[in-house]
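*Asks:*
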Amino acid sequence: MSVAEAIGGWIDVCASGELVEGGDGVRFEWLDPREGGGVLPAFVVRFDGQPRAFLNRCAHVAMELDWLPGRFFDEAGLYLICATHGALYEPDSGACVAGPCRGAALLALRCEERGGRVRVAAEPPPDR
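Heads up, the sequence shown is in the working numbering, so the first residue is 18 and it goes up one at a time.
#1: Measure the C-alpha to C-alpha separation of residue 19 and residue 49 and round it to an integer number of angstroms.
#2: In this structure, how does DSSP classify residue 130 when only helix, strand and coil are distinguished?
#3: Buried or exposed, going by whether 16 or more other CB atoms sit within 10 Å of the CB of residue 131?
#4: Can you check which of these residues, 62, 26, 85, 54, is closest to residue 32 by C-alpha distance?
#5: Is the distance from the Cβ of residue 70 to the Cβ of residue 126 below 8 Å?
#6: Could you check the C-alpha separation between residue 28 and residue 139 for me, to the nearest Å?
#7: Assuming residue 128 and residue 134 make a contact with CB atoms under 8 Å, what is their CB distance in whole Å?
#8: Would you mind listing the beta strand (DSSP E) stretches within the stretch 68-129 that are 3+ residues and don't spill past its ends, in chain order?
#9: Here's the rule I'm using: 16 or more other beta-carbon atoms within 10 Å means buried, otherwise exposed. How should residue 59 be labelled?
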């Protein structure tokens, strides 16, 4: 998915059916609207019945989380995991609960489901 597909302040990421609870996620590019921002890798997964979107960047070291494209969950499908350092993140909040960045968090992006599609807001995330 490309940032060029952003319409009306939203990035159309995927069909709702592409996201399975605790399964593979969908990668996309997010254009950071903040000063000096650029195109950043991001992803969306489904957890607790809801789509959850984050920048694809570990809170410990700015590396992408997925060990294979779209593989963000641990084997049990309960936590998002950084393939490089093993940090575990809660998929509902992005909070790191284990690993070298415990207490930090992934940068969450606002997302919603509408009309059978998952879309992410093309706006800056709230400051942490």
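For glycine and all other residues, C-beta sits at the position ideal for the given N, C-alpha and C.
A quick note: this is a predicted structure, and the numbers were derived from the prediction, not measured.
*Replies:* Well, looking at it:
#1: Position 2 of the sequence shown, counted from the first residue, corresponds to residue 19. Position 32 of the sequence shown, counted from the first residue, corresponds to residue 49. At residue 19 the pLDDT is 49, less than 50, meaning the model places this residue with poor confidence and gives no usable figure here.
#2: Position 113 of the sequence shown, counting from 1, holds the residue named residue 130. Residue 130: strand per DSSP, three-state reduction.
#3: Within the sequence shown, residue 131 is the residue found at index 114, counting from 1. With fewer than 16 Cβ atoms within 10 Å of its Cβ, residue 131 is classed as exposed.
#4: To locate residue 32, count along the sequence shown from 1; it is residue 15. Minimum Cα distance to residue 32 is reached at 62.
#5: Looking up residue 70 in the sequence shown gives position 53. Looking up residue 126 in the sequence shown gives position 109. A contact, by the Cβ cut-off of 8 Å.
#6: Walking along the sequence shown from the start, residue 28 turns up at place 11. Walking along the sequence shown from the start, residue 139 turns up at place 122. Distance between the alpha carbons of residue 28 and residue 139: 6 Å.
#7: Numbered from 1 along the sequence shown, position 111 holds the residue referred to as residue 128. Numbered from 1 along the sequence shown, position 117 holds the residue referred to as residue 134. Wrong, their Cβ atoms sit about 11 Å apart, outside the cutoff.
#8: 113-115
#9: Here residue 59 refers to the residue found at position 42 of the sequence shown. Residue 59 should be labelled buried.
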